[in-house]
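> Once you've had a glance at the structure underneath, I'll fire off some questions.
Protein chains: 2
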Amino acid sequence: MKILITNDDGIGAEGIYKLACELSKVGDIFIAAPDRQRSATGHGITMHEPLRARKVTFFDTDFEAWSISGTPADCVKLAIESIMDKRPDIVVSGINNGPNLGTDVLYSGTVSAAMEGVLLGSKGIAMSLAGFKNLDYTYAAKFARKLVENLNDKNIPEDTLLNVNIPNCSEDEIKGVEITNLGVRRYKSSYMERVDPRGERYFWLEGELVDIENGTDTDVHAIDNNMVSITPLHFDLTKNSLIKEVEKWNISI
Amino acid sequence: MKILITNDDGIGAEGIYKLACELSKVGDIFIAAPDRQRSATGHGITMHEPLRARKVTFFDTDFEAWSISGTPADCVKLAIESIMDKRPDIVVSGINNGPNLGTDVLYSGTVSAAMEGVLLGSKGIAMSLAGFKNLDYTYAAKFARKLVENLNDKNIPEDTLLNVNIPNCSEDEIKGVEITNLGVRRYKSSYMERVDPRGERYFWLEGELVDIENGTDTDVHAIDNNMVSITPLHFDLTKNSLIKEVEKWNISI
């Protein structure tokens, strides 16, 4: 099995190292990740400037690894279309430093990298560790390995990836695995406004999470209850149920 | 009606100028757009650096306009949360220089700006002119005005925006309006590989569109047939139909 590994925290992040070490036990791995922190880049791709790709030493391993001057989606696109010999069977993105839950997946570089893999014909998994401090990637990496093995003989629809969030607790506190829907995440009005040393105003996004009710079938609920959450995602954004309604508006030219 | 206008081609682009002039006839407009070209930024937001917002003169008008050092989604978020007095009734993004059709909407800054507006509780429209040269925004701007007026008394689900593409032909060649599904767009393997003046290799995305069959109910088909395409989009990426299937895999911790 050929596995392309990427992330959005950058090629030097601990999460991608732990992920690569585990996945190297079950497949032939190839790493192509951003040269720096690229979180919240959404599904951005770089069109208006060139991309650099540099083969690098990956921690203490001899894995083939490329550091790329682009977004997570750029890394996957460039690796598959111009660097790798053959298309990977699966793209695994992560392990993200923090959750990717609910509506937040729209902003997620981790998720968009897995989605780009699926767009290009591979399977895709986005892996996130749903905590903010004292992160321990050991269990998440092991779970990723088991999931990749499990997925090997499964048929997944061509437009679908799996978004996985792992609770940030010790392995024996994890209560199970839940297959979930995306929940909703909202933030309190959220720019810090300051004045720089030259007297110019600037804004910095803070974003305090608002606690809102999320159904028991959601990813947010699963993580709150120490369950591993797996959400199948697709990239068809069409709101089918509204088509008939909009037709009734009789919008004319 | 309070209308927030943004785009991804930058605040100096012709498309946003034509759009603002038309929309100023039907509402109280406020412009907040990127200080430069930001296309294909997807739903990226800026978290790791500060944003600058500068009030600027907008062409030959006296419209209130802000030039922002961020992505289209940043512009909408910052305008609504920190600059505008009250939330706009609608966010209109565009008019994009080029189409935003099918799977390409995943990469679209234009679409993500309208989506951010909807996430923050306004209505949202993404407007694109589906051509690459000899673009004439006149009809597209007029259509946007009519659509905004039409939408004023409509109930749209809270998670939905409208993605509008206008054929780039003369007004009398436009055949009608079609309410569509997103089609599929694929590109031929697509990086130009070159060597820079210092002997270093670089890659530049080109991307030649592959002609693939798209159903008669798709946006791609509508545009190919000189119809205005309106696709209702939502941001729930959950692939509901796969949840039962993945549950059967019995993935355990």
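Protein sequences, first through last, are from chains X and F. The opening position of the first sequence corresponds to residue 1 in our numbering, with each subsequent residue numbered one higher. The opening position of the second sequence corresponds to residue 254 in our numbering, with each subsequent residue numbered one higher. We put the beta carbon where it would ideally sit given N, CA and C, even for glycine.
With F/Ala475 and F/Glu424 assumed to form a contact (beta carbons below 8 Å), what rounded beta-carbon distance in angstroms separates them?
As a position in the second sequence, residue 475 of chain F is number 222, starting the count at 1. As a position in the second sequence, residue 424 of chain F is number 171, starting the count at 1. Contact flag wrong, Cβ pair sits at about 16 Å.
> Hey, how far is the Cα of X/Asn152 from the Cα of X/Leu135?
Within the first sequence, numbered from 1, the residue matching residue 152 of chain X stands at position 152. Within the first sequence, numbered from 1, the residue matching residue 135 of chain X stands at position 135. Rounded to the nearest angstrom, the two C-alpha atoms are 28 Å apart.
> Since X/Lys55 is in the beta strand (DSSP E), which residue starts that stretch and which ends it?
Taking the first residue of the first sequence as position 1, residue 55 of chain X is located at position 55. Ala53 to Val56 is the extent of the beta strand (DSSP E) around X/Lys55.
> How many Å lie between X/Gly10 and X/Gly42 at the Cα?
By one-based count along the first sequence, residue 10 of chain X stands at place 10. By one-based count along the first sequence, residue 42 of chain X stands at place 42. Their Cα atoms are separated by approximately 15 Å.
> If we count the other Cβ atoms within 10 Å of its Cβ and call it buried at 16 or more, is F/Met480 buried or exposed?
Position 227 of the second sequence, counted from the first residue, corresponds to residue 480 of chain F. Buried is the call here.
> Considering only the beta carbon of each residue, do F/Val417 and F/Leu435 sit closer than 8 Å?
Here the question's residue 417 of chain F lines up with position 164 in the second sequence. Here the question's residue 435 of chain F lines up with position 182 in the second sequence. No, Cβ-Cβ distance for F/Val417 and F/Leu435 is not below 8 Å.
> Counting along the chain, where does the beta strand (DSSP E) carrying X/Ala33 start and finish?
The residue labelled residue 33 of chain X in the question sits at position 33 within the first sequence. It spans Asp28 to Pro34 - the beta strand (DSSP E) in which X/Ala33 sits, taken as one unbroken run.
> Within 10 Å of its beta-carbon, does F/Lys428 have 16 or more other beta-carbons around it, so buried, or fewer, so exposed?
As a position in the second sequence, residue 428 of chain F is number 175, starting the count at 1. By the neighbour-count rule (16 or more Cβ atoms within 10 Å), F/Lys428 is not buried but exposed.
> List the DSSP bridge partners of X/Val210.
Position 210 of the first sequence, counting from 1, holds the residue named residue 210 of chain X. In the DSSP output, where bridge partners are listed per residue, X/Val210 has X/Arg186.
> Count the other CB atoms, across all protein chains shown, that sit within 10 Å of the CB of X/Thr46; report buried if there are 16 or more and exposed otherwise.
Counting from one through the first sequence, the residue named residue 46 of chain X turns up at place 46. That one is buried.
> Which residues, in chain order, does the region 131 to 154 of chain X contribute to contact with chain F at a C-beta distance below 8 Å?
Within the region 131 to 154 of chain X, the residues whose Cβ lies closer than 8 Å to some Cβ of chain F are Phe143, Lys146, Leu147, Asn150 and Lys154, listed in chain order.
> F/Ile496 CB to nearest chain X CB: under 8 Å?
Counted from its first residue, the second sequence places residue 496 of chain F at position 243. Closer than 8 Å: yes.
> Can you name the residues of chain X whose CB is closer than 8 Å to the CB of F/Lys236?
A question about residue 236 of chain F goes unanswered here, because the residues of chain F that appear run from 254 up to 506.
> Just by C-beta distance, which residues in the region 411 to 433 of chain F are closer than 7 Å to chain X?
Those residues of the region 411 to 433 of chain F that come within reach of chain X (Cβ to Cβ, closer than 7 Å) are Thr413, Ile427, Gly429, Val430 and Ile432.
> Which whole-angstrom value describes the C-beta separation of F/Gly377 and F/Gly384, a residue pair presumed to lie in contact below a C-beta threshold of 8 Å?
What you label residue 377 of chain F is simply residue 124 of the second sequence in a count that begins at 1. What you label residue 384 of chain F is simply residue 131 of the second sequence in a count that begins at 1. So it is not a contact: roughly 23 Å between Cβ atoms.
> Please work out which residues of its chain come closer than 7 Å, Cβ to Cβ, to F/Ser322, disregarding the five sequence neighbours upstream and downstream, and give them in chain order.
Within the second sequence, the letter at position 69 stands for residue 322 of chain F. If we look at F/Ser322 and ignore the five residues flanking it on each side, its Cβ neighbours are Asp288, Leu304 and Arg305.
> On a CA-only basis, which of X/Lys2, X/Asp62, X/Ser24 and X/Ile80 is nearest F/Ser443? Give me that one, please.
Against the second sequence, residue 443 of chain F aligns to sequence position 190. Here the closest residue by C-alpha is X/Ile80.
> Any Cβ of chain C within less than 8 Å of the Cβ of X/Met127?
You won't find chain C in this structure, because its protein chains are X and F.
> Please work out which residues of its chain come closer than 7 Å, Cβ to Cβ, to F/Leu324, disregarding the five sequence neighbours upstream and downstream, and give them in chain order.
Looking up residue 324 of chain F in the second sequence gives position 71. A small correction: the amino acid at residue 324 of chain F is Thr; Leu does not occupy that position in the sequence shown. Cβ within range, chain order: Pro287, Arg291, Thr294, Gly297, Ile298, Thr299 and Gly362.
> Could you tell me the boundaries of the alpha helix (DSSP H) in which F/Ile476 lies?
The count along the second sequence starts at 1 and reaches residue 476 of chain F at position 223. Per DSSP, F/Ile476 belongs to the alpha helix (DSSP H) from Asp472 to Asp477.
> Where F/Val473 and F/Lys441 are concerned, what is the direct C-alpha to C-alpha distance, given to the nearest angstrom?
As a position in the second sequence, residue 473 of chain F is number 220, starting the count at 1. As a position in the second sequence, residue 441 of chain F is number 188, starting the count at 1. If I take the Cα positions, the gap works out to 17 Å.
> For the region 47 to 62 of chain X, list every residue whose C-beta sits within 7 Å of some C-beta in chain F, in sequence order.
Against chain F - using a Cβ distance shorter than 7 Å - the residues of the region 47 to 62 of chain X are Met47, His48, Pro50, Leu51, Arg52 and Ala53.
> From the DSSP output, in three-state form, read off F/Thr484 for me.
Numbered from 1 along the second sequence, position 231 holds the residue referred to as residue 484 of chain F. Note: F/Thr484 maps to strand in three-state DSSP.
> Excluding the five sequence neighbours on either side, which residues of its own chain have a C-beta within less than 6 Å of the C-beta of F/Ile483, listed in chain order?
Here residue 483 of chain F refers to the residue found at position 230 when the second sequence is read from its first residue. For F/Ile483, where only same-chain residues beyond five positions count, the Cβ hits under 6 Å are Leu415, Val417 and Ile432.
> Say whether chain X places a C-beta atom closer than 8 Å to the C-beta of F/His474.
The residue given as residue 474 of chain F occupies position 221 in the second sequence. Closer than 8 Å: no.
> Check whether the Cβ of X/Glu81 lies closer than 8 Å to any Cβ atom in chain F.
Against the first sequence, residue 81 of chain X aligns to sequence position 81. Chain F contact via Cβ: present.
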